[in-house]
Amino acid sequence: MKFFLAGRWQDRDQKIEVTNPANGEIVDTIPRANAADVESAIQAAIAGAAITAA
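Each residue of the sequence shown is one higher than the last, beginning at 0 in numbering that gives the first Met the number 0.
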């Protein structure tokens with residue numbers, strides 16, 4: 000699985016396992032975002048807000 004960030008699908012080497020709470024089975028993995036990803040998301044949100052406010 001990937002995540003969508005600043006207009007692009009992203010993947011990372013580090014993953015988080017997603018488990019089914021009913022049986023403990025691992026159902027998927029997701030990329031582990033980092034501090035740079037958070038900053039990129041904030042900047043994309045600021046840019047998007049400026050565009051929609053205009």
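The beta-carbon is built from N, C-alpha and C at its ideal position, and this holds for glycine as well.
Length of the line joining the Cα atoms of residue i and residue j
| i | j | result |
| --- | --- | --- |
| Glu24 | Pro30 | 18 Å |
| Val26 | Ala48 | 35 Å |
| Asn32 | Ala53 | The question names Asn, but residue 32 in the sequence shown is Ala. Cα to Cα, the separation comes out at about 30 Å. |
| Arg11 | Ile50 | 29 Å |
| Ala5 | Lys14 | 20 Å |
| Asn22 | Ala46 | 42 Å |
Three-state secondary structure assigned by DSSP to residue i
| i | result |
| --- | --- |
| Asp36 | helix |
| Gln9 | strand |
Option in the options with minimal Cα separation from residue i
| i | options | result |
| --- | --- | --- |
| Arg7 | Thr18, Ala40, Ile50 and Thr51 | Ala40 |
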